[in-house]
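Protein chains in written order, with our numbering: chain A, 155 to 214; chain B, 33 to 354; chain C, 417 to 635.
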């Protein structure tokens with residue numbers, strides 16, 4: 155497995171790791187998407203009242 | 033998930049007030065602001081298209097070699113098969129000869145890519161004589177002249193392979209029986225250099241361009257186009273499908289399609305048939321994704337890896353209290 | 417506009433067979449009453465993951481509007497005008513956002529197994545939208561009238577020709593590709609988007625995995 159390397163030339167900036175060759179821009183986009191997905195899962199949503207309401211079981 | 037029929041009706045659950053239209057408007061504002069900001073800061077790519085004259089000036093040897101190959105019937109497009117001609121059977125997907133069955137619906141005569149534009153040139157008696165000699169010869173004679181010329185030009189040394197013929201330089205070709213092929217190839221180069229080849233290969237059949245089939249086939253028969261692409265990491269073996277010129281964002285969603293072109297067997301034993309097989313594989317995977325709700329095992333992955341417990345943690349907390 | 421039922425003469429059974437009435441009933445019956453644009457959501461809809469559907473929809477709106485703006489100047493406008501280049505940039509980045517939000521939406525729906533409870537068609541139309549969007553973007557890249565468009569056409573023809581599609585869908589023909597990009601594919605994407613959203617409104621947001629029905633609890 156070849157070491158992680160950065161390539162900058164006429165092509166723009168690329169990351170080369172084994173068989174993977176990906177542009178820095180694309181890599182940043184994918185990393186940002188995973189981060190946003192993760193944050194969407196863990197960040198609290200809505201007001202405190204909304205969160206308490208979500209725990210209710212009985213129909214109003 | 034055999035519990036599917038036990039999923040309760042969502043309309044039976046307690047509700048709380050939620051403003052959908054306001055949510056959409058906020059989303060729209062967010063997207064507009066993000067789009068405007070990204071566009072203002074990063075702009076978008078625009079590398080100029082390769083013109084025929086640009087090709088002629090940057091890589092004249094490549095253009096001449098390509099012209100000779102078109103005349104010899106040995107270029108990529110000449111031996112492609114359907115939809116351009118019948119000089120090959122094309123690729124197969126297993127037992128299915130899909131390429132062949134589609135038929136020759138976009139007929140292109142590869143020698144015509146050279147002869148047709150040249151036939152419109154006037155005032156060049158050497159060229160006119162060469163064209164006449166070409167048209168009067170038998171197909172076998174034409175092929176022999178052009179093939180011998182292609183071999184005589186040869187290729188430069190590359191990838192450890194020694195140079196052949198004149199090492200790819202038409203100016204250094206050894207004396208031989210090439211008929212009118214050298215004059216025709218050189219004639220195409222001159223025509224291209226002066227700008228006369230732009231638009232001369234339109235497939236539209238009239239003044240109004242719009243169909244660049246012939247022009248693009250001639251261009252892609254050469255090596256210049258691919259060299260420019262590979263220099264920008266757009267080549268097939270460079271995950272090129274995902275990439276854009278420069279540092280601009282590309283198409284990250286194409287990662288899986290281009291992935292197969294980077295690995296065995298599509299780089300090795302199945303390289304020749306890779307285009308058909310990768311397409312078939314991607315269609316199969318897409319079908320699996322579409323039909324996921326009906327596939328046992330795959331559809332249960334969300335249950336085995338319970339990321340959903342984060343999404344609905346307030347609900348489950350309430351269930352725990354009960 | 418009266419809310420009374422239309423007065424029907426005794427013995428007039430033709431109204432039942434009326435194409436108009438039948439279509440109206442079918443359309444009205446697509447979504448439960450009050451659910452076309454409800455002001456309330458089930459209490460379990462309480463996570464940021466739920467906003468990515470509407471973000472995708474909003475992005476699609478911006479993609480279409482910026483594409484329309486590009487159409488004002490034509491396909492080669494952005495090469496010769498800085499305003500055109502900015503509009504082109506708006507279109508490119510709105511497309512990147514569109515795909516980013518759509519994929520995050522897909523990830524969320526997968527991990528929530530959102531096809532449960534009779535929602536298989538919602539999932540399927542969603543995946544078809546994903547694939548159709550890729551196709552639409554593809555014809556867009558072919559319509560750039562620059563080097564990238566030349567290269568993409570030269571490469572893509574091999575894959576499509578190999579399976580016979582290239583004979584009918586000619587990526588070397590920018591005139592054809594542009595019209596697919598601007599007319600045919602956006603129409604298909606729009607139509608399937610409408611179907612997808614109607615299905616979401618029809619079935620409601622999928623309950624949590626292993627949720628018990630509140631009605632049974634009350635028994």
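All C-beta atoms in this analysis are idealised placements derived from N, C-alpha and C, irrespective of residue type, glycine included. Bear in mind that the values here come from a model prediction, so they are computed numbers and not experimental data.
Residue-chain proximity (residue i, chain B), Cβ-Cβ < 8 Å
i                     : result
residue 456 (chain C) : yes
residue 165 (chain A) : yes
residue 186 (chain A) : no
residue 619 (chain C) : yes
residue 475 (chain C) : yes
Range of the contiguous alpha helix (DSSP H) that encloses residue i
i                     : result
residue 592 (chain C) : 590 to 595
residue 623 (chain C) : Residue 623 (chain C) -> no alpha helix (DSSP H), and no H or E assigned at all.
residue 339 (chain B) : No alpha helix (DSSP H) contains residue 339 (chain B), which DSSP labels as neither H nor E.
residue 96 (chain B)  : 92 to 104
residue 324 (chain B) : Per DSSP, residue 324 (chain B) belongs to no alpha helix (DSSP H) and is neither H nor E.
residue 214 (chain B) : 213 to 225
residue 294 (chain B) : Careful: residue 294 (chain B) lies outside any alpha helix (DSSP H) and carries neither H nor E.
residue 504 (chain C) : 498 to 527
residue 43 (chain B)  : Looking at the DSSP string, residue 43 (chain B) is not in any alpha helix (DSSP H), and its letter there is neither H nor E.
residue 202 (chain A) : 202 to 208
residue 483 (chain C) : 468 to 489
residue 531 (chain C) : Careful: residue 531 (chain C) lies outside any alpha helix (DSSP H) and carries neither H nor E.
residue 574 (chain C) : 563 to 578
Chain B residues whose Cβ lies nearer than 8 Å to that of residue i
i                     : result
residue 519 (chain C) : 285
residue 195 (chain A) : 339, 342 and 343
residue 173 (chain A) : 294 and 295
C-beta neighbour in chain A for residue i, strict 8 Å
i                     : result
residue 462 (chain C) : yes
residue 459 (chain C) : yes
residue 516 (chain C) : yes
residue 523 (chain C) : yes
residue 40 (chain B)  : no
residue 465 (chain C) : yes
residue 263 (chain B) : yes
Pairwise C-alpha distance: residue j and residue i
i                     : j                     : result
residue 481 (chain C) : residue 280 (chain B) : 22 Å
residue 161 (chain B) : residue 294 (chain B) : 49 Å
residue 60 (chain B)  : residue 513 (chain C) : 12 Å
residue 202 (chain B) : residue 218 (chain B) : 9 Å
residue 185 (chain A) : residue 197 (chain A) : 18 Å
residue 257 (chain B) : residue 603 (chain C) : 34 Å
residue 336 (chain B) : residue 529 (chain C) : 11 Å
residue 113 (chain B) : residue 245 (chain B) : 15 Å
residue 209 (chain B) : residue 118 (chain B) : 29 Å
residue 234 (chain B) : residue 464 (chain C) : 52 Å
residue 562 (chain C) : residue 436 (chain C) : 50 Å
residue 287 (chain B) : residue 177 (chain A) : 12 Å
residue 208 (chain A) : residue 460 (chain C) : 5 Å
residue 496 (chain C) : residue 78 (chain B)  : 11 Å
residue 450 (chain C) : residue 541 (chain C) : 23 Å
Rounded Cβ spacing between residue i and residue j (contact assumed at less than 8 Å)
i                     : j                     : result
residue 215 (chain B) : residue 185 (chain B) : With 8 Å as the limit, residue 215 (chain B) and residue 185 (chain B) do not qualify as a contact, their Cβ atoms being about 14 Å apart.
residue 578 (chain C) : residue 122 (chain B) : 7 Å
residue 179 (chain B) : residue 106 (chain B) : 7 Å
residue 76 (chain B)  : residue 505 (chain C) : 4 Å
residue 631 (chain C) : residue 307 (chain B) : That pair is no contact at about 55 Å.
residue 558 (chain C) : residue 587 (chain C) : 6 Å
residue 104 (chain B) : residue 175 (chain B) : 6 Å
Residue range of the unbroken beta strand (DSSP E) whose run includes residue i
i                     : result
residue 49 (chain B)  : 47 to 49
residue 170 (chain A) : 166 to 171
residue 550 (chain C) : From DSSP, residue 550 (chain C) is part of no beta strand (DSSP E) but of the alpha helix (DSSP H) over 536 to 558.
residue 182 (chain B) : Unbroken run through residue 182 (chain B) is the alpha helix (DSSP H), 171 to 185; no beta strand (DSSP E).
residue 458 (chain C) : 456 to 458
residue 177 (chain A) : 174 to 177
Within-8 Å CB hit, residue i to chain C
i                     : result
residue 288 (chain B) : no
residue 121 (chain B) : no
residue 192 (chain A) : no
residue 176 (chain A) : no
residue 334 (chain B) : yes
residue 297 (chain B) : no
residue 243 (chain B) : yes
Contacts of residue i in chain C (Cβ-Cβ under 8 Å)
i                     : result
residue 200 (chain A) : 462
Chain C contact residues for residue i, given Cβ-Cβ distances below 7 Å
i                    : result
residue 45 (chain B) : 458, 459, 460, 623 and 630
residue 82 (chain B) : 563 and 566
Per-residue contacts from residue i into chain C (C-beta, under 9 Å)
i                    : result
residue 98 (chain B) : None at all; the shortest Cβ gap to chain C is about 13 Å.
residue 5 (chain B)  : Residue 5 (chain B) lies beyond the residue range present for chain B, which begins at 33 and ends at 354; the question has no answer from this structure.
Contact list for residue i against chain A, beta-carbon separation under 8 Å
i                     : result
residue 166 (chain B) : Simply none; closest approach about 40 Å.
Where residue i meets chain B, residues with beta-carbon distance less than 7 Å
i                     : result
residue 612 (chain C) : Correct list: empty, because the minimum Cβ distance to chain B is about 13 Å.
Interface flag, residue i vs chain D, CB-CB below 8 Å
i                     : result
residue 438 (chain C) : The structure shown contains no chain D; its protein chains are A, B and C.
Contacts that residue i makes with chain A (C-beta to C-beta distance below 7 Å)
i                     : result
residue 349 (chain B) : 209
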